[in-house]
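Report on one structure; see the data block that follows.
There are 2 protein chains.
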Amino acid sequence: MNKAIFYHAGCPVCVSAEQQVLEALDKNRYDIEIVHLGEDSSRISEAEKVGIKSVPALLLDGAAFHINFGAAISDLK
Amino acid sequence: MNKAIFYHAGCPVCVSAEQQVLEALDKNRYDIEIVHLGEDSSRISEAEKVGIKSVPALLLDGAAFHINFGAAISDLK
Chain A
1 MNKAIFYHAG CPVCVSAEQQ VLEALDKNRY DIEIVHLGED SSRISEAEKV
51 GIKSVPALLL DGAAFHINFG AAISDLK
Chain B
101 MNKAIFYHAG CPVCVSAEQQ VLEALDKNRY DIEIVHLGED SSRISEAEKV
151 GIKSVPALLL DGAAFHINFG AAISDLK
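So the protein lines, in turn, are chains A and B. Residues in the first sequence are numbered from 1 upward in steps of one, following the working numbering. Residues in the second sequence are numbered from 101 upward in steps of one, following the working numbering.
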């Protein structure tokens, strides 16, 4: 099973991406985890380590893909 | 069938997104078209009309999602 982590902060841009991009992923091949960095700030450092610089972002097997722009990670601290 | 169009320009950022993001989409539910705006500049105006401002970008059922940043549409003209 491949691993997908969607990092967001509840912003409108994040919600749009969550609804449409996550919906399009193949759930038979990807185990999808959703992390709300606004509510779970303990995971911000983890997100930074894997290269997340803004939200919403999708981590696919360790590779960071920033989707449009909602907020910078630095603004969530 | 849902429609996904991936706009790119052959740049390294584009290739990475094509390989990983497109690979993750559910091909049983999405008809995926790949458009190379560098080679097919006749489709640049279409991309602009649907809200694409940079490549690589993924259009999911008409909604534009810019993935990381490779090049601005204006640089492809």
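Ideal placement from N, C-alpha and C gives every residue a C-beta, glycine not left out. Given the structure is predicted, the values throughout are model-derived calculations rather than measurements.
With 16 as the cutoff for other CB atoms within 10 Å, does Pro56/A come out buried or exposed? For Pro56/A, the number of other beta carbons within 10 angstroms of its own is at least 16, and it is reported as buried.
Contact residues within the stretch 20-47 of chain A, judged by C-beta distance below 9 Å to chain B: Result list: Gln20, Val21, Glu23, Ala24, Leu25, Asp26, Lys27, Asn28, Arg29, Tyr30.
By how many angstroms is the C-alpha of Ile173/B removed from the C-alpha of Lys113/B? The sequence given here has Val at residue 113/B, not Lys. Using only the alpha carbons, I get a separation of about 14 Å.
Taking Cβ-Cβ distances shorter than 8 Å, what residues in chain A pair up with Phe165/B? Within 8 Å Cβ-Cβ: Ala17, Gln20, Val21, Ile67, Asn68.
Once you ignore the five residues that flank Leu76/A on each side, which residues in its own chain have a CB closer than 8 Å to its CB? Correct list, in chain order: Ala9, Leu37, Gly38, Ser41, Ile44, Val55.
Under 7 Å between C-beta atoms, does Leu159/B make it to chain A? No, its Cβ sits nowhere closer than 7 Å to a Cβ of chain A.
Roughly how many whole angstroms lie between the Cα atoms of Glu18/A and Val50/A? Answer to the nearest angstrom: the Cα atoms are 19 Å apart.
Selection from Leu160/B, Ile134/B, Lys153/B that minimises the alpha carbon distance to Lys103/B: Among Leu160/B, Ile134/B, Lys153/B, the Cα nearest to that of Lys103/B belongs to Leu160/B.
With Phe69/A and Asn168/B assumed to form a contact (beta carbons below 8 Å), what rounded beta-carbon distance in angstroms separates them? Taking C-beta atoms under 8 Å as the contact rule, Phe69/A and Asn168/B fail to qualify, at a distance of about 11 Å.
For Ala4/A, go through chain B and note every residue whose CB falls closer than 9 Å to its CB, in chain order. Ala124, listed in chain order.
Three-state class that DSSP yields for Leu159/B in the structure shown: If DSSP states are grouped into helix, strand and coil, Leu159/B belongs with the strands.
Comparing alpha-carbon positions, which option in Val15/A, Tyr30/A, Ser16/A lies nearest Val121/B? Among Val15/A, Tyr30/A, Ser16/A, the Cα nearest to that of Val121/B belongs to Tyr30/A.
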